[in-house]
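Student: Protein sequence lines correspond, in order, to chains F and C.
Residue 7 is where the first sequence starts when you use this note's numbering, and the numbers rise one by one after that.
Residue 7 is where the second sequence starts when you use this note's numbering, and the numbers rise one by one after that.
Structure incoming, see below.
There are 2 protein chains.
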Amino acid sequence: MVKDSTTEERIVEAARRVFIQKGLSGARMQEIADEAGINKALLHYYFRNKEKLFDHIFEGVVKKIAEGLTLSFGKEMDIYGRLGTVVDVYCDILLENRYLPLFVLNAMNNDPLKFAGVLSENMVPVYGNILEDFRQSAEKGVIRDYDPVHLFLNMLGLIIFPFAMYPMIEKVAPEHIRPFLKNFLESRKEEIKKFLFNALTPLK
Amino acid sequence: MVKDSTTEERIVEAARRVFIQKGLSGARMQEIADEAGINKALLHYYFRNKEKLFDHIFEGVVKKIAEGLTLSFGKEMDIYGRLGTVVDVYCDILLENRYLPLFVLNAMNNDPLKFAGVLSENMVPVYGNILEDFRQSAEKGVIRDYDPVHLFLNMLGLIIFPFAMYPMIEKVAPEHIRPFLKNFLESRKEEIKKFLFNALTPLK
DNA sequence: GTCTATAAGTAGATAGAC
DNA sequence: GTCTATCTACTTATAGAC
């Protein structure tokens with residue numbers, strides 16, 4: 007509980023922690039209130055009900071991810087430079103919060119029609135960009151010929167899945183291998199790029 | 007509700023459907039009872055409480071996955087044949103139930119210490135096998151030189167992640183592209199193998 | 001084994017004082 | 001804005017008849 011911040015900010019931070027870890031149905035308003043150092047009534051004063059609070063958190067999370075990715079799109083690059091940046095930025099985001107993938111997937115799974123709007127609104131500009139790059143690069147022969155959608159999902163899987171698994175790996179890892187785990191996640195960036203680029207580079 | 011099966015069987019089937027879709031905290035005993043065509047009291051008669059019922063379902067799901075994978079390990083093959091089989095079998099399992107990845111990940115996330123035992127007990131024999139194969143093949147130069155653990159996670163990400171995303175894609179897809187979606191998932195098998203093998207095959 | 005009825009506890013939400 | 005106290009509804013779990 008950080009004291010020099012507004013009540014609303016503290017609520018949002020607390021709610022983010024709890025919702026991200028436990029999901030909508032698993033989270034308790036009481037726990038969020040405790041984390042924020044206030045009481046339940048005040049949660050309702052600021053956000054009316056649990057659902058609205060969750061929606062607010064979800065939108066914030068998605069916007070932050072999209073924003074991080076968009077910022078990395080400024081400069082002109084070839085496809086490999088660009089994908090390298092996507093991998094790096096995405097991994098950095100996930101390194102900071104490893105529960106994000108499950109959080110987003112679960113929300114989408116529970117109420118797709120509701121959250122699809124938020125997600126596509128924010129992510130389509132980013133993703134559409136990459137897809138178009140894949141298409142053009144394949145045409146020019148700069149990368150091997152894959153279906154762009156498959157290729158795109160392959161990349162997301164390489165980046166996101168290990169982070170989605172990580173929280174559980176971390177908790178069940180025997181003591182003597184713990185020190186290696188942090189390095190392991192850090193090294194994923196380079197490993198993903200190596201693997202991805204090997205699959206992409208034409209034989210010629 | 008299938009009539010010619012024991013009550014316990016119907017409970018287990020109903021519970022599997024509901025738990026897999028909604029998770030532990032999202033599932034309601036009432037809904038499971040309704041799905042099974044019985045009443046709540048009977049659930050408790052057979053499984054004492056919600057937690058024990060969930061544990062039973064989780065173990066069954068993990069065992070079934072492990073079993074499917076193990077069966078495919080009978081015959082001798084080179085690494086590419088073997089990985090091809092793993093991809094095919096895994097995809098077939100996930101095609102039948104696309105909610106499986108999220109279900110397992112969430113359970114592990116909620117209570118890692120509890121479910122780690124079940125998971126490692128069943129999966130380590132299978133996964134250890136593949137890891138060892140990676141190690142030896144890299145040594146022999148049959149595949150490129152990757153860290154086996156990274157490589158293994160890469161493969162899992164390629165296979166599992168798109169299926170984990172699929173339920174939501176399906177529900178938000180506009181009408182006119184629906185017909186393509188089923189084919190898309192089917193075609194993942196071949197796309198994964200193509201991508202994976204391209205990344206693995208040494209340049210020489 | 002299966003049911004109805006109900007107990008016991010929990011969670012989200014509100015009323016109203018300060 | 002923030003609190004305490006409380007309401008209402010829901011959920012798991014049990015008691016007890018058949």
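We treat Cβ as the ideally placed atom computed from N, Cα and C, and that holds for glycine.
Since this is a predicted model, take the numbers as computed values, not measurements.
#1: Listing by chain order, which chain C residues have their CB less than 8 Å from the CB of S31 (chain F)?
#2: Quick one: Cα of M7 (chain C) to Cα of D117 (chain F), how far?
#3: Can you confirm whether M114 (chain F), when its beta carbon is compared against all beta carbons of chain C, has any partner nearer than 8 Å?
#4: If you drop the 5 nearest sequence neighbours on each side, which residues of the same chain put their C-beta closer than 8 Å to that of Y105 (chain C)?
#5: When the Cα atoms are used, what is the spatial distance from R16 (chain F) to G66 (chain F)?
#6: Within the 8 Å Cβ cut-off, does M174 (chain C) reach chain F?
#7: Let me know the secondary structure DSSP gives D61 (chain C) once reduced to three states.
#8: Taking the alpha carbon of V24 (chain C) as the reference point, which residue from C:A72, C:F109, C:R88, C:C97 has its own alpha carbon closest?
#9: Spell out a yes or no on whether the stretch 91-104 of chain F and the stretch 74-81 of chain F are touching, meaning 3 or more CB-CB pairs, one atom from each, closer than 8 Å.
#10: Taking only three categories from DSSP, how would you classify D84 (chain C)?
#11: Is the beta carbon of A39 (chain F) less than 8 Å from the beta carbon of L30 (chain F)?
#12: What residues from chain C crowd round R150 (chain F), counting only those whose CB sits closer than 8 Å?
#13: E102 (chain C) to K69 (chain C), Cα distance in whole Å?
#14: Y172 (chain F) by DSSP, collapsed to three states: which one?
#15: Helix, strand or coil for K210 (chain F) per DSSP?
#16: Alpha carbons only, please: which of C:V18, C:I165, C:L209 is nearest the one belonging to E192 (chain C)?
#17: Leaving out five residues on either side along the sequence, give the residues of the same chain with a beta carbon under 7 Å from the beta carbon of E35 (chain C).
#18: Would you mind telling me which residues of chain F sit closer than 8 Å to P154 (chain C), beta carbon to beta carbon, in chain order?
#19: Under 8 Å, do N160 (chain C) and F201 (chain F) count as touching if we go by C-beta distance?
#20: Using a Cβ-Cβ cut-off of 8 Å (strictly less than) and excluding sequence neighbours within five positions of P220 (chain C), which residues of its own chain qualify?
#21: What residues from the stretch 71-99 of chain F come within 8 Å of chain C, judged by C-beta to C-beta, listed N to C?
#22: With 8 Å as the threshold, decide whether the Cβ of F167 (chain C) is near any Cβ in chain F.
#23: Give a yes or no on whether 8 Å exceeds the smallest Cβ distance from K177 (chain C) to chain F.
#24: DSSP three-state label for F158 (chain C), please.
#25: Measure from the C-beta of G134 (chain C) to each C-beta in chain F and report whether the shortest distance is under 8 Å.
#26: Looking only at its chain, what residues have a beta carbon closer than 7 Å to the beta carbon of V124 (chain C), apart from the 5 residues adjacent to it on each side?
#27: With a cut-off of 8 Å on the beta carbons, I'd call E197 (chain C) and D151 (chain F) a contact; round off their distance for me.
#28: Are any of the Cβ atoms in chain C nearer than 8 Å to that of P118 (chain F)?
#29: Answer with buried or exposed for D84 (chain F), where buried requires no fewer than 16 other C-beta atoms within 10 angstroms of its C-beta.
#30: Can you give me the Cβ contacts of A33 (chain F) inside the same chain, cut-off strictly under 7 Å, excluding the 5 residues immediately before and after it?
#31: Using the C-alpha atoms, what's the distance from F53 (chain C) back to G80 (chain F)?
Tutor: On the basis of the supplied data:
#1: As a working note, residue 31 (chain F) is residue 25 in the first sequence. Those within 8 Å of S31 (chain F) in chain C are K28, G29, S31, G32.
#2: Within the second sequence, numbered from 1, the residue matching residue 7 (chain C) stands at position 1. Within the first sequence, numbered from 1, the residue matching residue 117 (chain F) stands at position 111. Because M7 (chain C) sits at a pLDDT of 49, beneath the cut-off of 50, its placement in the model cannot be relied upon, and the following sentence gives the value as read from the coordinates. When rounded, the distance between both Cα atoms is 25 Å.
#3: Against the first sequence, residue 114 (chain F) aligns to sequence position 108. Closer than 8 Å: yes.
#4: Working through the second sequence from its first residue, we reach residue 105 (chain C) at position 99. Closer than 8 Å at the Cβ level, and outside the excluded window around Y105 (chain C), lie I26, Q27, P173.
#5: Your numbering for residue 16 (chain F) matches position 10 in the first sequence. Your numbering for residue 66 (chain F) matches position 60 in the first sequence. About 14 Å.
#6: As a position in the second sequence, residue 174 (chain C) is number 168, starting the count at 1. Output row for M174 (chain C): interface = yes.
#7: The residue given as residue 61 (chain C) occupies position 55 in the second sequence. Helix, per DSSP.
#8: Residue mapping note: residue 24 (chain C) aligns to position 18 of the second sequence, counting from 1. Among C:A72, C:F109, C:R88, C:C97, the Cα nearest to that of V24 (chain C) belongs to C:F109.
#9: Between the stretch 91-104 of chain F and the stretch 74-81 of chain F, the count of C-beta pairs closer than 8 Å reaches three or more; the two stretches touch.
#10: Locating residue 84 (chain C) in the second sequence gives position 78, counting from the first residue. Note: D84 (chain C) maps to coil in three-state DSSP.
#11: The count along the first sequence starts at 1 and reaches residue 39 (chain F) at position 33. The count along the first sequence starts at 1 and reaches residue 30 (chain F) at position 24. No, they are not a contact pair.
#12: Here residue 150 (chain F) corresponds to residue number 144 of the first sequence, with the count starting at 1. Here the neighbours are N204.
#13: On the second sequence, residue 102 (chain C) is found 96 positions in, with the first residue counted as 1. On the second sequence, residue 69 (chain C) is found 63 positions in, with the first residue counted as 1. Whole-angstrom Cα-Cα distance: 16 Å.
#14: Locating residue 172 (chain F) in the first sequence gives position 166, where the first residue counts as 1. Helix.
#15: Your numbering for residue 210 (chain F) matches position 204 in the first sequence. Three-state DSSP puts K210 (chain F) in coil, outside helix and strand.
#16: In the second sequence, residue 192 (chain C) corresponds to position 186, counting from 1. The candidate whose alpha carbon is nearest that of E192 (chain C) is C:I165.
#17: Counting from one through the second sequence, the residue named residue 35 (chain C) turns up at place 29. Checking the displayed sequence, the identity of residue 35 (chain C) turns out to be Met instead of Glu. Excluding positions up to five away in sequence, the list reads K46, L49, K56.
#18: Position 148 of the second sequence, counted from the first residue, corresponds to residue 154 (chain C). Near P154 (chain C) there are no residues of chain F at all, since even the closest Cβ is about 11 Å away, more than 8 Å.
#19: Residue numbering aside, residue 160 (chain C) sits at position 154 when the second sequence is read from its first letter. Residue numbering aside, residue 201 (chain F) sits at position 195 when the first sequence is read from its first letter. Taking 8 Å as the Cβ cut-off, N160 (chain C) and F201 (chain F) qualify as a contacting pair.
#20: Chain C is shown only over 7 to 210; residue 220 (chain C) falls outside these bounds and no answer can be derived.
#21: Those residues of the stretch 71-99 of chain F that come within reach of chain C (Cβ to Cβ, closer than 8 Å) do not exist; the list is empty.
#22: Translated into positions along the second sequence, residue 167 (chain C) becomes position 161. At least one C-beta of chain F is nearer than 8 Å to the C-beta of F167 (chain C).
#23: Looking up residue 177 (chain C) in the second sequence gives position 171. At least one chain F Cβ lies under 8 Å of K177 (chain C).
#24: For this step, residue 158 (chain C) is matched to residue 152 along the second sequence. Here F158 (chain C) sits in helix by DSSP.
#25: Working through the second sequence from its first residue, we reach residue 134 (chain C) at position 128. Answer no: the Cβ-Cβ gap between G134 (chain C) and chain F never drops below 8 Å.
#26: As a first step, residue 124 (chain C) must be located in the second sequence, where it is residue number 118. Close CB contacts of V124 (chain C) within its chain, under the 7 Å cut and outside five residues either way in sequence, are with F64, E65, V68 (chain order).
#27: As a first step, residue 197 (chain C) is located in the second sequence; it is residue number 191 there, counting from the start. As a first step, residue 151 (chain F) is located in the first sequence; it is residue number 145 there, counting from the start. Actually they do not touch by this definition, with Cβ atoms about 12 Å apart.
#28: Numbered from 1 along the first sequence, position 112 holds the residue referred to as residue 118 (chain F). With 8 Å as the cut-off, P118 (chain F) counts as an interface residue toward chain C.
#29: On the first sequence, position 78 is the one that residue 84 (chain F) refers to. D84 (chain F) comes out exposed.
#30: For the purposes of this step, residue 33 (chain F) is taken as residue 27 along the first sequence, with counting starting at 1. So the list reads V24, F25, once near-sequence residues are dropped.
#31: Here the question's residue 80 (chain F) lines up with position 74 in the first sequence. Here the question's residue 53 (chain C) lines up with position 47 in the second sequence. Here the C-alpha atom of G80 (chain F) lies approximately 57 Å from the C-alpha atom of F53 (chain C).
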